[in-house]
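Below you'll find the structure, written out as structure tokens, and then a few comments.
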């Protein structure tokens, strides 16, 4: 009798597990397209926020190259979107990661106005172009590497209240300055009420990067105020803004050193029907949504 009861309960439990697994699988596959569409919607919104329409007349999402550059925060692939205006290079949008956030990686995008005379093929290079070993490769130059070596690389304390400073020596270079168009946080796991002030929906701190000039000759301002720079830190949360400022700074150094090669690199962005549909919807919207509203 007891064996029969155990067998019956086991069968019921097994059947329940099978049904539950099937429902989860159906839900996943049934919503996969919608999730992908929402990601594309977020991407299009972000691109339009960090590079406003007056700075480009091409479809940003359809013109990008993918790089594996540790200077952008880690070894994973990051996309670099290329804006053109009247057929000339106008701006770059760099995906980057701040690996030293208080609660882990902070993914950001950085929009920057580039030198109008960088030249290159504004549609991206041909498939025979190589990102490795060419004279204009995407490896950061020796000069830029020496600059990055001067930047703070001291590990942060696990405490959010840690405020160790990072000294920056201004490199002796003669390259032209760039201008930041905008920065947005794409994904993070920072503490609500403290580090989450990097979100536009929580505070306007992230907009302090907009319209900032950037020159490798003067890196000192590109720190939080506690470290002698221009950017505010948060009360009780210095690690988070410090990590974001550092990530933006190094992304700008990378863009400065490689802008010509980035515009000449092969186009690796695929255009899908769903993206074209979403973009058409965006064009008809009166006001763009912020990243956090999506």
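Numbering (the working numbering), first residue to last: 1260 to 1553. For glycine and all other residues, C-beta sits at the position ideal for the given N, C-alpha and C.
Buried or exposed (CB count within 10 angstroms, at least 16 for buried), residue i
i	result
residue 1276	exposed
residue 1269	exposed
residue 1500	buried
residue 1455	buried
residue 1359	buried
residue 1202	Outside the shown range of the chain (1260 to 1553) lies residue 1202, about which nothing can therefore be said.
residue 1488	buried
residue 1484	exposed
residue 1266	exposed
residue 1399	Reliability of the predicted coordinates at residue 1399 is poor, the pLDDT of 40 falling under 50, and no value is obtained from them.
residue 1339	buried
residue 1441	buried
residue 1284	exposed
residue 1477	exposed
The ligand SAH heavy atom lying under 8 Å from the CB of residue i
i	result
residue 1446	The ligand content of the structure shown is nil, which means the ligand SAH is not present either.
Span of the beta strand (DSSP E), counted from its first residue to its last, around residue i
i	result
residue 1344	1337 to 1344
residue 1449	Per DSSP, residue 1449 belongs to no beta strand (DSSP E) and is neither H nor E.
residue 1326	1323 to 1326
Start-to-end residues for the alpha helix (DSSP H) that takes in residue i
i	result
residue 1498	1498 to 1523
Distance between beta carbons of residue j and residue i, contact taken as under 8 Å
i	j	result
residue 1514	residue 1344	Not a contact, Cβ separation roughly 17 Å.
residue 1475	residue 1438	Residue 1475 to residue 1438, Cβ: 14 Å. No contact.
residue 1350	residue 1371	6 Å
Proximal residues to residue i (C-beta, below 7 Å), its chain only, five neighbours per side dropped
i	result
residue 1355	1331, 1332, 1337, 1367, 1369, 1506 and 1510
residue 1242	Coverage of the chain is limited to positions 1260 through 1553, which leaves residue 1242 absent and any answer about it impossible.
residue 1317	1342 and 1343
Own chain, CB closer than 8 Å to residue i, minus 5 neighbours either side, in chain order
i	result
residue 1493	1453, 1454, 1456, 1464, 1499 and 1500
residue 1444	1365, 1366, 1367, 1457, 1458, 1459, 1465, 1503 and 1550
residue 1469	1439, 1440, 1441 and 1442
residue 1274	none
6 Å Cβ shell around residue i - same chain, five flanking residues per side excluded
i	result
residue 1480	1488 and 1489
residue 1362	1448 and 1449
What are the uninterrupted segments assigned as beta strand (DSSP E) that are 3 or more residues long and contained completely in the segment 1346 to 1378, given in chain order? 1347 to 1360 and 1363 to 1372
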